[in-house]
Amino acid sequence: MAIKTDDYIKYLTEKVVAYMDTPADVRKEQRSLHKSTREPWLVRWFGMVPLSVLIWWNKRKRKKEHPGP
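Start counting the sequence shown at 2; every next residue gets the next number (our numbering).
See below:
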């Protein structure tokens with residue numbers, strides 16, 4: 002179901018007004034909070050694959066340095 006043009010313009014106007022009404026320091030604080038809580042760019046772009054490869058690679062490197070029984 003598509004949004005009607007009038008409803009969409011009303012929604013956009015409400016968002017812009019709400020943005021303009023919030024003080025700049027509050028917006029800056031929200032932006033920094035959002036940046037600190039989001040996951041690293043590797044995970045966002047490629048999922049869990051880079052993390053699993055990194056863990057595997059570190060384990061492999063440690064086994065070469067300290068060969069166990």
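Beta carbons: idealized from backbone N, C-alpha and C, even for Gly.
Endpoints, the alpha helix (DSSP H) within which residue i is located
i          : result
residue 21 : 6-22
residue 40 : From DSSP, residue 40 is part of no alpha helix (DSSP H); its letter is neither H nor E.
Same chain, Cβ closer than 6 Å to residue i, neighbours up to 5 away in sequence not counted
i          : result
residue 34 : none
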